[in-house]
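Per numbering that gives the first Met the number 0, residue 0 is the first one in the sequence shown, and the count goes up by one each step. Using N, Cα and C, we set each Cβ at its ideal position, and we do this for glycine too. Note that the coordinates shown come from a computational prediction; the quantities given were computed from them, not determined experimentally.
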Amino acid sequence: MHHLGSTRSSLKPDHLLQTPDTFIRTPLPGAEGVQFVIHAAPQLGARFTEMTAEFTEGGTLGPTQAQRFLYVLEGRLGLTLGRKTRALAPGGFAYLPHSAPHAVHAKTAARAIVIEKPYQRQAGAARPEMLFGKQSEVPATPVLGDESLRVQMLLPDDSSYDFAMNIMTYDPGAALPMVEVHVMEHGLLMLEGGGIYRLGDSWYSVKAGDFIWMRAFCPQWFGALGKKPAKYLIYKDSRRHPLEGRCA
Ligand code: UGY
Ligand code: MN
């Protein structure tokens, strides 16, 4: 089926909307039986990487020097940590601090979001701990008192961690209360439902499966449309001074 050159995907200096019809898969070193869709990377201007790892049954992913966050979208993964193995099913997630020895293997064909970021140390902050969880067990809090817009914080909100991973859920018709413009950058995967995303001076219809990258200070707003809630998984860097690492 030809799309005659049309797509909802769009790349602008301050954002990327990457829709599944434009995904290109690639193998990467350190993984066997895994194809990656790279959504965000330094080549784009991002200071982290975000990809979807598509595992065949038995596929493996080795360790990384950076911090790594895994979120299972489909299928079952096993995470080997020394002699222990942890199982991750859809909605299951893991945070692995930088250089944490581990390996991932697919118990079934599986898809997972993989985020990697070089760790920014902060004087006085404790080292971040390895962490595991299930999306369904993380409490949801109304955003600024709005019960129709809820946030689940998957990582602890303390200065050991230099990024946040949140799930935001919008009931149909719910919207961000303001256009946000902030120093943090975002990587966002639409998990369910859809709506309208404002990015810079552009408005896009977006739906489950779409990926969005927002550069620091990209004006952003979302309103949910349709008959079921819209849900997205969102990365943002956090709790570090903007000049950190930039002074000699
Ligand atoms: O936490 C955030 O910055 C979030 N509210 N941004 C967003 O959803 N685009
Ligand atoms: Mn934001």
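Met164 places its beta carbon 8 Å or farther from that of Tyr118.
Taking the Cβ of Gln219 as the reference point, at least one heavy atom of ligand 2 falls within a distance shorter than 7 Å. With a cut-off of 8 Å on Cβ pairs, the stretch 44-60 is not in contact with the stretch 80-87, counting fewer than three such pairs. Sequence-distant Cβ neighbours of Glu73 in its own chain, meaning closer than 7 Å and more than five residues away, are Pro89, Ala109, Arg110. If the five residues before and after Lys106 are omitted, its C-beta is found closer than 8 Å to the C-beta atoms of Glu56, Gly74, Arg75, Leu76, Gly77, Ala86, all from its own chain and listed in chain order. A direct Cα-to-Cα measurement between Pro100 and Lys226 gives close to 44 Å. Beta-bridge annotation (DSSP): Gln219 is paired with Glu179, Leu198. Looking at Gly186, Ala247, Ile195, Leu143, the one whose alpha-carbon comes closest to that of Leu43 is Gly186.
Non-local beta-carbon contacts of Ala207 in its own chain, meaning distances under 7 Å to residues more than five positions away in sequence, involve Met189, Leu190, Glu191, Gly192, Gly193 in chain order.
Around the beta carbon of Leu143, a 10 Å sphere encloses fewer than 16 other beta carbons of the protein chains shown; the residue is thus reported as exposed.
The beta-carbon distance between Leu60 and Val33, rounded to whole angstroms, is 6 Å. This is short enough to meet the 8 Å contact definition. If you check the C-beta of Glu179 against ligand 1, you find a heavy atom less than 7 Å away. The closest heavy atom of ligand 1 lies 7 Å or more from the beta carbon of Lys230. Ile211 is bridged by DSSP to Leu16, Leu187.
Annotation: the continuous beta strand (DSSP E) that includes Lys133 extends over 130-133. Under the DSSP assignment, Ile112 falls in the beta strand (DSSP E) whose first and last residues are 109-116.
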